[in-house]
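Chains as they are written, first to last, in the working numbering: chain A, 1 to 341; chain Y, 1 to 341; chain F, 1 to 341; chain H, 1 to 341.
Have a look at the structure below before the remarks.
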C-alpha cells in the first residue's frame with residue numbers, strides 16, 4: 001500500500017518511519033518536512049542510517065497516497081485536512097487536531113477555533129480496543145494523546161463497575177522528555193530536564209478533554225515531567241462507593257483485554273516489575289495495565305504504562321492502519337521492548 | 001556541644017555528618033557503624049574526604065553524649081531507645097520508630113509491636129514549623145519521613161480552610177533513589193532503576209499514617225520511584241466543597257510560612273521552575289510549597305518539594321537540633337542548593 | 001533448529017532470549033538458571049511478558065541440543081565445556097572462558113588456570129567480519145567481550161596502513177551499567193552509579209588481551225563507567241609515523257566493511273550524531289565505526305560504538321549462529337535501534 | 001569589597017553568584033545580563049530564590065567596581081576588556097578571551113583575531129596552585145577552561161619526572177551537560193543528550209592550547225559529552241621512557257599538592273570511589289587527582305576530576321579572588337560536595 005507521512009521529522013514522525021519501513025505491506029512513498037526537505041531521513045533519525053535512501057520532501061511536493069499519516073505540530077493539520085482527505089484513501093492524524101468531538105473544546109483547550117468542525121464528528125478515535133469496527137471503514141482516524149491513551153485504557157473498563165465513579169478521578173501522569181518533541185526549548189535542555197519531577201501541568205492539561213470524552217468520567221489530571229526519554233505512566237485514583245476486591249478487578253480487566261494483542265494486565269506478586277512500567281516498553285506497542293486496591297481510603301488505583309512514541313502515538317497509529325487496511329493487527333509491531341534499558 | 005551519631009554509615013547518616021562537621025556549635029565525638037567500624041568516615045562518605053579524621057566506632061563503644069542522633073535502619077531504635085535516652089541529653093531519632101503516637105499503628109504499618117509504647121507519646125514530631133515550642137524542651141524528637149514532611153507541609157495550612165477536606169486527599173509522591181538507602185537491593189541497581197516511573201507503593205505506604213496523624217485528613221497515598229538520586233515531590237489533590245481562588249491560597253500559605261526560614265512558597269508565572277522542584281534543592285534544607293487551582297474539577301493541587309536527605313531527614317534533624325539547643329535555627333543550614341544539577 | 005541457553009537469567013541471557021524467540025529458524029527448547037529454575041522467563045526478563053511460556057530449568061536438567069548458547073558468569077564454562085561440546089551440535093560461548101588462545105593469559109587476566117587449554121586453540125573467535133569461513137564449521141565459538149569487539153572493529157582495518165602502529169594504541173572505553181551484569185553490587189546501585197564517569201579500570205582491563213590477540217597491537221586500555229544502561233564507546237588513539245588523510249581512512253574502512261551488514265562507517269559533517277554513538281544502537285546489532293584525524297599531534301582517532309548486549313554480546317552471538325547454521329546473516333537481527341532513547 | 005559580575009545569567013554566572021552571595025568579604029553590587037535585565041536573579045538561578053533581592057541590570061548600566069568578574073560568552077570580553085580594566089580594581093575573566101599568551105593561537109582555535117594582544121601577556125592564569133604570587137598583584141586574571149584546569153593539575157607535576165614526556169600525551173575528557181552552557185541548542189536537548197557518550201571533539205578541542213601552554217607537553221585531546229549535569233573527568237595517558245612506580249607518583253603529587261587546600265590526591269585500594277570522580281564534587285571547589293601505573297604498556301594514567309562550574313570555573317575564580325584580595329584562600333569555598341548525588 002502506497003503511504004505518505006506529512007511532518008516526518010519530529011520524534012513521532014521518526015518512530016512512524018521506523019515502523020513503516022519494516023512493514024511488509026507498506027510502500028513508503030513520501031515523507032514531508034519543511035525544514036529538512038532534501039535531506040536524507042537518517043539525518044533527522046540517526047537510527048535509520050542505512051535503512052532507507054528516502055529524503056524528506058517539501059510539503060508542497062506531496063502527492064496523493066492510499067494512506068496518509070499526519071504528524072505535524074498541533075494546529076497545522078486543522079486547515080489542510082479537507083485537502084488531504086480528498087487526495088488520500090484515508091488519513092491517520094496523530095496530532096490533536098481531530099481528537100475532540102466537541103468543537104467548543106478547541107478554543108478552551110487549544111486556544112483556537114476549529115476551522116472544520118464537521119470533520120470532528122467523522123473522525124474515529126484511534127483506539128482499536130474500543131473502535132475496531134468503526135476503524136475498518138474510517139476515512140479519518142484521530143490517534144489520541146499519549147497520556148489520554150494510557151488513562152483511557154486504564155479507566156474505561158472500570159466505568160461499568162457499580163460504585164464507579166461518583167466523583168472526579170485523579171490522574172497523576174508522568175512522562176519522559178521525548179513527549180515534549182524535538183523542539184523542547186529551554187525547559188527541555190538536559191541540564192534543566194535531568195532528574196526533574198516537574199509538575200508542568202498541575203491542572204488544565206489538554207488531554208483532560210480526551211479522557212473525559214472517552215470515559216464519561218470527570219477527570220482531575222496533573223501532569224509531571226520526569227527523567228526518562230520515553231514513557232508515560234498514568235496513575236489513576238478512583239474512589240468507590242463500595243469496597244472492591246482484586247479478584248473483581250482481574251475479572252473486569254480480563255473481560256476487557258483478554259484477547260487484545262497490545263494490552264497486558266500486569267499485577268505481579270514478586271519480581272522487580274510488579275506494576276506497569278514504561279521503562280521496559282520503549283519501542284513496543286504495548287500498554288500495560290495494572291491496579292491496586294486501597295481499602296483504607298476505599299480507593300482503587302489503576303495504572304497504565306506505555307511508550308509515548310509507541311502505543312502513545314506511532315505504534316498505535318500503525319495498529320490503526322493495520323485494522324483499517326485489513327492486515328493482521330500486529331503486523332510490524334512485534335518488537336517486545338528491551339530490558340534493561 | 002558534644003554530639004554522637006548512631007548508625008552513621010547510611011545515606012541519611014552521611015548527610016548528617018556533612019552538616020554536623022560544619023556546625024560551629026557541634027563537637028562530633030562519635031559515629032557508630034556495625035559494618036564500617038574502624039574505617040574512616042570518608043570511606044563510606046567520599047565527599048567528606050579530608051574533612052575529618054573521624055573513624056566509625058562499633059555501637060558497643062558508644063559513650064554518653066549531650067545530643068544523640070539516631071539513623072539506624074527502621075526497627076532497630078525501638079529496643080535501644082530507653083538506654084540512649086538515659087545516657088544522652090536528648091535524642092533526635094531519624095528512623096520511623098517513634099513517629100506514630102498510636103502504638104497500634106506499628107503492627108499495621110511496620111509489622112512489629114512497639115516494645116516501648118510509652119515513648120511514643122513523649123516523642124515530639126520533628127517539625128519545627130508546627131512544634132517549635134515543644135521541641136525546645138524535648139527529650140526525644142522523632143523526625144518524620146521524607147514523603148510525610150513534604151505532604152504535611154503542603155497540606156496542614158489548608159486544613160483550616162472552609163470546605164477542606166470532606167473526602168480523602170490523594171497524594172502522589174515521587175522520590176529519588178537515595179530514599180531507598182544504601183542497601184537498595186536488586187530493584188535499586190542502576191540498570192533497573194534508571195528511567196523508571198515505578199509505582200512501588202500504589203497503596204499502603206507507611207507514611208500514610210504520619211500524614212494522617214499530623215493533618216487529621218484521610219490520605220490516599222501512592223508512591224513512585226523516579227529517576228533522580230535525591231528529592232521528593234508530593235503532589236496533593238484536595239477536593240473542595242466550594243470554589244477557591246489563588247489569592248486565598250497565597251494568603252493561607254503566607255500566614256503559615258511567611259516567617260519560616262526553610263519553607264518557600266513557589267508559584268511563579270514564568271521561568272523554568274514555576275512550581276516546587278526537588279532537583280534544585282539537593283543538599284539544602286528547603287521545602288518549597290506551591291499550588292494550583294483546578295476549577296474544572298473543583299480541585300486544589302498542593303505541591304511540595306524537598307531533598308529527602310535534607311529537609312526530609314538530616315537537614316530537618318539539624319534544624320530541630322538548633323531549636324532544641326537554643327541556637328539560631330539556620331545554623332549550618334545555609335547551603336542554598338545547586339543549579340543546574 | 002533445537003537450541004538451548006545455559007545461564008539465561010542475566011542481562012546477556014535475556015537479550016539472547018529476546019532474539020531467539022523471534023528467530024524463525026530456532027526452536028528454543030531450554031533455558032537454564034540456578035536461581036530462577038521453575039520460574040517463567042518473563043519474571044527475570046519483564047520485556048518478554050506474554051512472549052513465551054518457557055520456564056527456567058535447573059542446569060542439571062539440560063538436555064542435548066543442536067546449538068547451545070552459554071551465558072554463565074565468567075569462569076563457570078571452563079570446566080563444563082567438554083561435556084557441553086559432547087552433547088551439542090555446536091556451542092556459542094558468550095563468556096570470557098574461551099576467548100584467549102594463550103592459556104598462560106588466563107592466570108594473568110582471570111586469576112585462574114584454564115582446565116582445558118586444548119579447547120582454546122579450537123575455539124573460533126565470534127567475529128564474523130574476520131572469521132566468517134572458520135565460523136561455518138566451528139564446534140566452539142568464543143564471542144569476544146563488548147569493549148574488545150568495539151576496539152577490534154575500530155582498529156583491525158588500520159593495521160595494514162603503513163605507519164601504524166609503531167607504539168601502543170590508547171583505548172579509552174566507556175560503558176553503560178548493564179555491562180556490569182545483573183549482580184552489580186554496591187558500586188552498581190543507582191545512587192552510586194548515576195552520573196558517574198568512573199575510571200574503574202584505568203589499567204589492566206581484561207579485554208586488553210583480546211584486543212592485542214586480534215590486532216597484533218600493543219594496547220593501553222582504560223575503561224570508564226558512565227551513565228547509560230546500554231552501550232560501549234571505544235575511542236582509540238593511534239599515533240602515526242606519517243600524516244594520514246580522511247580520504248585514506250574512508251577508503252580503508254570501506255574496503256574492510258563496505259559489504260558488512262552490521263558495521264556502518266559514520267563520520268558526518270553535520271547533524272547531531274556525526275560520530276558513532278551507542279545511545280541509538282540499543283537493541284540493535286550494529287557496530288558503528290568512525291574516525292578523526294588530528295594533524296596537530298599526528299594522531300588518528302578511531303571510534304566504535306555498539307550495544308554491549310547487542311553486537312557486544314547476544315546480537316553478535318546470533319549473527320555467529322546464523323553464519324554457523326547457514327542462515328541469512330541478518331536473520332532476527334533487523335531491529336534498527338530507537339531514536340530518541 | 002564592592003564586586004560586579006558581567007554576564008551573570010549563564011550557568012557559570014549563576015555559580016559565581018551563589019558563591020559571592022555567601023562570601024563574607026563581598027558586597028555584590030551589580031550583575032549584568034542583556035536578556036534578563038530587570039528580572040530578579042533567582043528567575044535565572046532558581047536555587048537563589050529568597051537569597052537576594054538583586055535584579056539583573058543592562059550591561060550599559062555597569063558601574064565601576066573594585067573587582068569585576070566576567071562570565072560572558074567567549075569572544076565578547078575581548079573588545080571590552082580595556083574599558084573594564086580602566087574602571088575596575090582588577091578583573092577576573094572566566095571566558096576564554098585571555099587564556100592564551102600567544103595571539104596567533106586565537107585565529108587558530110577561536111577563529112577570530114584578538115583585538116588586544118597586549119593584554120594576553122599581562123593576564124595571569126587563574127591557577128593558584130602555580131601562580132599564587134603573580135595572582136596577588138594581578139590586574140587581569142584569566143581563569144582556564146574546565147578541561148584545561150583538570151588536565152593541567154593532573155599533568156604539571158609529572159613534567160619534572162625523568163622520562164616524561166617523550167611523545168604526545170593523550171587526554172580523554174568527559175564532561176557533563178552544563179559545560180555546554182544554558183544555550184546548548186538541539187544537541188543539548190534532554191532526549192538527545194541523555195545517555196550519550198558523544199565524541200563531540202575527537203580532535204582539535206580548544207583547551208588543547210591551554211594545556212600545552214601550561215605544561216609544555218604535546219597534547220592529543222579528545223572530548224566526550226556524557227550523561228551528567230556537572231563534572232569533568234580528564235584521563236591522561238602518559239607514555240614513559242622508563243618504568244615508574246606508584247610510590248614515586250605518590251611522592252610527586254604530594255610534593256606538588258600536599259599543602260594545597262583544593263587538590264586532593266585520590267587513589268584508594270578499596271571503596272566505591274577509588275579514583276577521582278566528579279559526581280561527588282558538584283558544588284565544591286576540589287580537584288581530585290589520581291593515577292594508575294600500566295606496566296604492560298609502560299604507561300602512566302593520571303586522572304583528574306572537578307566540577308566544571310566549580311574548580312573548573314566559578315569556584316576557581318573565587319579562589320583567585322581570595323588570593324588577589326588577600327583573604328584566606330578557602331573563604332566561601334568550604335562546601336564539600338554531596339554524596340550520593
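No residue lacks a Cβ here, since even glycine has one placed at the ideal position from N, Cα and C.
* Contact between the segment 183 to 197 of chain Y and the segment 268 to 282 of chain A: three or more CB pairs below 8 Å? -> yes
* Looking at the C-beta of residue 339 of chain Y, does it have a partner C-beta in chain H at a distance below 8 Å? -> yes
* **Limits of the alpha helix (DSSP H) - the one that residue 118 of chain Y falls within** => 117 to 122
* With a cut-off of 8 Å, does the C-beta of residue 239 of chain A fall near any C-beta of chain Y? -> yes
* To do: Consult DSSP for residue 134 of chain A and reduce its assignment to one of helix, strand or coil.
  => helix
* Return the residue from the list F/84, F/86, F/72 that minimises the CA-CA distance to residue 96 of chain F. => F/72
* Alpha carbon to alpha carbon, what distance is there between residue 4 of chain A and residue 69 of chain A? -> 6 Å
* To do: Spatial neighbours of residue 23 of chain F within its chain, please: CB distance less than 6 Å, with the 5 preceding and 5 following residues excluded, ordered by chain position.
  => 332
* Asked: Can you pull the DSSP bridge partners for residue 47 of chain H?
  -> DSSP, once it has assigned bridges, lists no residue as partnering residue 47 of chain H.
* Just the Cα atoms here: how many angstroms apart are residue 206 of chain Y and residue 18 of chain Y? -> 28 Å
* Burial state of residue 34 of chain F, where buried means 16 or more other Cβ atoms lie within 10 Å -> exposed
* Count the C-beta pairs between the segment 222 to 242 of chain H and the segment 171 to 184 of chain H that are closer than 8 Å, then say yes if the count reaches three, no if not. => yes
* Asked: Are the C-beta atoms of residue 342 of chain A and some chain H residue less than 8 Å apart?
  -> As shown, chain A starts at 1 and ends at 341. That puts residue 342 of chain A outside it, with no answer to give.
* Are residue 171 of chain A and residue 92 of chain A touching if we call contact CB-CB under 8 Å? -> no
* Asked: Taking C-beta to C-beta, are residue 154 of chain Y and residue 232 of chain Y nearer than 8 Å?
  -> no
* **Residue range of the unbroken alpha helix (DSSP H) whose run includes residue 208 of chain H** => 207 to 215
* Counting only beta-carbon atoms, is residue 47 of chain F nearer than 8 Å to chain A? -> yes
* Asked: With burial defined as no fewer than 16 other Cβ atoms inside 10 Å of the residue's Cβ, what is the status of residue 157 of chain H: buried or exposed?
  -> buried
* Asked: Just by C-beta distance, which residues in the segment 183 to 195 of chain H are closer than 7 Å to chain A?
  -> 184, 188, 189, 190, 191, 193, 194
* To do: Please list the segments of the beta strand (DSSP E) lying wholly inside the segment 68 to 132 of chain Y, counting only runs of 3 or more residues, in order along the chain.
  => 88 to 93
* To do: State yes or no: is the beta carbon of residue 309 of chain F nearer than 8 Å to at least one beta carbon in chain H?
  => no
* beta strand (DSSP E) containing residue 299 of chain F: first to last residue? -> 299 to 306
* Output, in chain order, the set of chain D residues within a Cβ distance shorter than 7 Å of residue 273 of chain H. => Checking the listed chains, one finds no chain D in this structure; the protein chains it contains are A, Y, F and H.
* Asked: Taking the beta strand (DSSP E) that residue 273 of chain Y falls in, what are its first and last residues?
  -> Looking at the DSSP string, residue 273 of chain Y is not in any beta strand (DSSP E), and its letter there is neither H nor E.
* Asked: Quick one: what's got a C-beta closer than 7 Å to residue 138 of chain H's C-beta in the same chain, skipping five residues either side?
  -> 90, 124, 324
* **Helix, strand or coil at residue 32 of chain H according to DSSP, with G and I counted as helix** => strand
* Step through the CB atoms of chain Y and report whether any lies within less than 8 Å of the CB of residue 259 of chain F. => no
* To do: Mind reading off the beta-carbon distance from residue 182 of chain H to residue 308 of chain H? Whole number of angstroms is fine, and I expect it under 8 Å.
  => With 8 Å as the limit, residue 182 of chain H and residue 308 of chain H do not qualify as a contact, their Cβ atoms being about 13 Å apart.
* Check whether the Cβ atoms of residue 218 of chain Y and residue 144 of chain Y lie closer than 8 Å to each other. => no
* **Euclidean distance between Cα positions of residue 292 of chain F and residue 67 of chain F** => 41 Å
* Selection from H/326, H/152, H/336, H/313 that minimises the alpha carbon distance to residue 211 of chain H -> H/152
* Collapsed DSSP secondary structure at residue 200 of chain F in the structure displayed -> strand
* Residue from Y/122, Y/264, Y/39, Y/65 whose Cα sits closest to the Cα of residue 28 of chain Y -> Y/65
* Is residue 12 of chain F close to chain Y, meaning its C-beta is less than 8 Å from at least one C-beta of that chain? -> no
* **CB contact check: residue 22 of chain Y to chain H, cutoff 8 Å** => yes
* To do: Tell me residue 55 of chain H's beta-bridge partners as DSSP assigns them.
  => H/40
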